[in-house]
Every structure is written in structure tokens, then in C-alpha cells.
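Asker: Supplied in C-alpha cells, the structure appears directly below.
2 protein chains.
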Amino acid sequence: MTIQLHCFGESGNCYKAALALQLAGLDWEPVFVDFFNGAARSPEYRAINPMGEAPVLVDGDITLSQSGVIQQYITDKTGRFGGASQAETYEVLRWVLWDNHKFSSQAGMTRFLMNFLPEKHRNADVIEFSKGRLKAAYAVLNAHLEGRDWIVGDGITNADLSCCGYLYYPEPFGFDRADWPHIDAWLTRIAAQPGWKHPYDLMPGRPSDRGL
Amino acid sequence: MTIQLHCFGESGNCYKAALALQLAGLDWEPVFVDFFNGAARSPEYRAINPMGEAPVLVDGDITLSQSGVIQQYITDKTGRFGGASQAETYEVLRWVLWDNHKFSSQAGMTRFLMNFLPEKHRNADVIEFSKGRLKAAYAVLNAHLEGRDWIVGDGITNADLSCCGYLYYPEPFGFDRADWPHIDAWLTRIAAQPGWKHPYDLMPGRPSDRGL
């Protein structure tokens, strides 16, 4: 049975799950969530996910949300991306949590505030504060990747698939690959994986659909 | 061998790990991280955790950071708090990730900005924005806890031990238990667990030590 992923192209959190499905070579298809027209707040969608978040994975009787949970499910199903030992498993989880706590959470919000929120609602102080926190996070990731191909161990894991979630998008949010050479090389490495696609090519929905 | 937890009382992230150790009945002791005097940025501490974060657990040869990883380690070691089935395991992880992404991350930062950052550096717009995001998160948690004793299944899990991390602190950050009756009852339930202690009683370090 084809796995369905409820998702939309603009969401880096959706991309984390979609990219894991894609690189694992699973039989899956995206189901468009028209987030910017309020679809995630509809009663139909709330029945799938009461939190109103995307992505949501549906695989037969199983319905899962939170990109990190979907990645863990893919790991349990395929043996991929979870780390090669117990120590690596903890290290992968560490980076997935760090990403959720300090990195993608900030990147996604900052990109939203700078690009998708109507201009009259944008607050320069909030944006600058978020960009400052993000800069500290880029520095942590860039330093960690010096001398390494992957965040954990000798191959791509959910740590990489989580942390890269927002970093291929073209919209400005204070991130320039040229500023962070080890992140830049690592993003090139991920993009060279068989089956890799840019978020706007992997999932339906992009800003130009909304005239942006 | 006694497990050591590098931690400090003001940190809800440290509390999540300390409370899991405590309620699991493990033999552990806190090691004070003098965070507000820069100890987490010292070379000695960076050798334990290059990210400079607390908590860090040391159990013999094993060193782990990120509260969610430490909780998972305690679950693996004791069989406690991880959920009663595979479905519950995913659901616990979902809430731990949600907490890291949307809840404790915001609560910790807002409390820091409102109480521990010198007043001249405080920005009212940033604080209001953070409080607004937190309010949406309280609503999600409060609604989920209506008619439930615990976030997942029939007993206390890492989902509870993660989401409660900042909610017992007295310093203001826009949270009033009286506003959220289901959260309030659940916090009372957690506090009734054998061995439970308030964060300032479980770990060394509290604002009054610094004259606040």
C-alpha cells in the first residue's frame, strides 16, 4: 500500500519527513495540505491531527505526526537513518531534539515572519532576535561538521535529514551558505544522494502558486 | 555506580532529566553547573558537552546530553516512562518533540527574558511575541488533557516529564495554572508521584542564590 504524506512544499518540517521517505526508497505519495488557505484548521484535517500540524503520515491503519516521529517510523520499517550502534542512536536523537529545540523551530518561524506573514504584521525586533538565535545555531552546526561528512557516524541519518529541513529554501531568513562552509559542503553531500529532490520539487505547493 | 547529572535548579530542561532519574528511583546525584557565572562556556564543560548545554548525564563510560536523550536512556535502563506499546512509544516521542519544538523551548526563553536577562536588554515586543506563541501551546496541552490523567496512555511517561519541565517555577513568564484547569490538575497529579520534588529542591541553584 502506498504511504501517504500530508504535506506542503513550503514546510521544512514536511520536507524532513518527505526526504526520509524519498531517500529510503519507500512507495509514497504527497497529499497536499493547503496550509496557507487554512486547510490545517479544517475539521477534516483536525480529525487526522488535532494539533493542526503538518506533516502527517498515513500507512494503512497507522497515522503519525511530528517529522521526528515519522523519521523514527521509517527507521523502524527500513533499518535506515537510525545510526549504526546504540551510542549513535542516542546521538541521532540528540541532534533531532536539538534541531527541534534550537534550529528548525527558529528557522521556520523566522522564514515565516520574513516572507509569508503580511508585511503589516512583521516586527523588526522579533525578526532580529530570531536571526540572532539562529546565528548561534549555525555556528554550532558548522563547527560540528568540520572534518565530518555527516552529523553522526559514517552515513546519512535522521540527524542530517532533520537539520537540513529549512536550508535549501530560497526565501531569505538570514542564512547564506557562503557564510558556513562546512554546512555548505554537507548540504551538497545530502543533495548528491540518489533520489534527492529540492523541497519544491518533492512536495506540492510553493510561494509562486500564491503569487509570491 | 552513582549516576551524575550536571544541572542547575533554574533550568527546566535539567529538571526534565532530574525528575525522570528521581521518579525512576535511580541512584543519582546532581553536579552543579554554575550557568549564570559562565560555567557552561568553560573549556572543562565544553569537553563534556561541546554545545555548552545542560543537562549532561554521566553514567560510567556513558555521557549523554539533551533532556530527551537522557529520558530515553532512563527508559532503556529501567523500562519506565516509555509507553506501554509501540503506538504509545511513538506518541510519547511525538509529545517530547512537540515540547522541544513549541513548548519548553518557548517557555524557557520567555522566562529567561522576563526574569534573568538584565532589564536593559529586555525587549517588550519579543516578550509579547513569545507569550503569544506560548498561549497557543498551553491551549493545545490543556485541551489534550481534558478527560485524561496523563498525556499518553494510563501512566506517567516521558511526555509528561518533558512537558511539565518549566511549569512548577514561580517566576512569571505568562503562565498561570488557574487559567488552564486540565494542566493544573495534571501538574498536581505529577507532584503526587512518590519521590517528586520541586525543581529548586531537586537541583542546586536558585535565583535567590544570586540575590534575585
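Chains as they are written, first to last, in numbering that gives the first Met the number 0: chain D, 0 to 211; chain B, 0 to 211.
The C-beta atom is built at its ideal place from N, Cα and C for all residues, glycine as well.
Which residue or residues does DSSP assign as beta-bridge partners of Trp-27 (chain D)?
Answerer: DSSP lists D:Ile-2 as partners of Trp-27 (chain D).
Asker: Just curious, the alpha helix (DSSP H) that Thr-187 (chain D) is in, first and last residue?
Answerer: Taken as a continuous stretch (DSSP letters only), the alpha helix (DSSP H) holding Thr-187 (chain D) covers 180–190.
Asker: Hey, how far is the Cα of Arg-205 (chain B) from the Cα of Asn-114 (chain B)?
Answerer: Those two C-alpha atoms are separated by around 12 Å.
Asker: Which first and last residues belong to the alpha helix (DSSP H) in which Thr-109 (chain B) is found?
Answerer: Residues 103–110.
Asker: Give me the chain B residues within the contact set of Gly-154 (chain D), using Cβ-Cβ distance strictly less than 8 Å, ordered along the chain.
Answerer: Within chain B, no residue comes near Gly-154 (chain D); the closest Cβ sits about 20 Å away, beyond 8 Å.
Asker: Which whole runs of the alpha helix (DSSP H) in the region 37–116 of chain D are 4 residues long or more, in chain order?
Answerer: For the region 37–116 of chain D, whole alpha helix (DSSP H) runs of length 4 or above, ordered along the chain, are 42–47, 66–77, 85–97, 103–110.
Asker: Kindly say whether Met-50 (chain B), judged by its beta-carbon, lies nearer than 8 Å to any beta-carbon of chain D.
Answerer: Yes, Met-50 (chain B) counts as interfacial toward chain D.
Asker: On a CA-only basis, which of D:Gly-173, D:Cys-163, D:Trp-195, D:Lys-196 is nearest Asp-183 (chain D)? Give me that one, please.
Answerer: Measuring from the Cα of Asp-183 (chain D), the nearest candidate turns out to be D:Cys-163.
Asker: Count the other C-beta atoms from every protein chain shown that fall within 10 angstroms of the C-beta of Ser-66 (chain D), then say buried if there are 16 or more, exposed otherwise.
Answerer: Under this definition Ser-66 (chain D) is a buried residue.
Asker: Looking at Ala-158 (chain B) and Lys-101 (chain B), is the spacing between their C-beta atoms short of 8 Å?
Answerer: Cβ atoms of Lys-101 (chain B) and Ala-158 (chain B): not closer than 8 Å.
Asker: Which residues in the same chain as Ser-161 (chain B) place their Cβ atom closer than 6 Å to its Cβ, once the five residues preceding and following it in sequence are excluded?
Answerer: Closer than 6 Å at the Cβ level, and outside the excluded window around Ser-161 (chain B), lie Lys-15, Val-95, Asp-98.
Asker: By DSSP, does Gly-11 (chain B) sit in helix, in strand, or in coil?
Answerer: Gly-11 (chain B): helix per DSSP, three-state reduction.
Asker: Whole angstroms are fine: how far does the CA of Asn-48 (chain B) sit from the CA of Glu-43 (chain D)?
Answerer: Rounded to whole angstroms, Glu-43 (chain D) to Asn-48 (chain B) spans 44 Å at the Cα level.
Asker: Buried or exposed: where does Leu-140 (chain D) fall if 16 or more other Cβ atoms within 10 Å of its Cβ makes it buried?
Answerer: Buried, because 16 or more other Cβ atoms sit within 10 Å of the Cβ of Leu-140 (chain D).
Asker: Would the region 31–38 of chain B and the region 77–96 of chain B be scored as touching if the rule is three or more Cβ pairs under 8 Å?
Answerer: Cβ pair count under 8 Å is below three, so no.
Asker: Are the CB atoms of Ser-104 (chain D) and Ser-129 (chain B) within a distance shorter than 8 Å?
Answerer: In this structure, Ser-104 (chain D) does not lie closer than 8 Å to Ser-129 (chain B) by Cβ.
Asker: Measure how close the beta-carbons of Met-202 (chain B) and Phe-7 (chain B) come, nearest whole angstrom, since I'm counting them as under 8 Å.
Answerer: Contact flag correct, Cβ pair sits at about 6 Å.
Asker: Using the beta-carbon of each residue, which ones in chain B are nearer than 7 Å to Val-139 (chain D)?
Answerer: Here the neighbours are Met-50.
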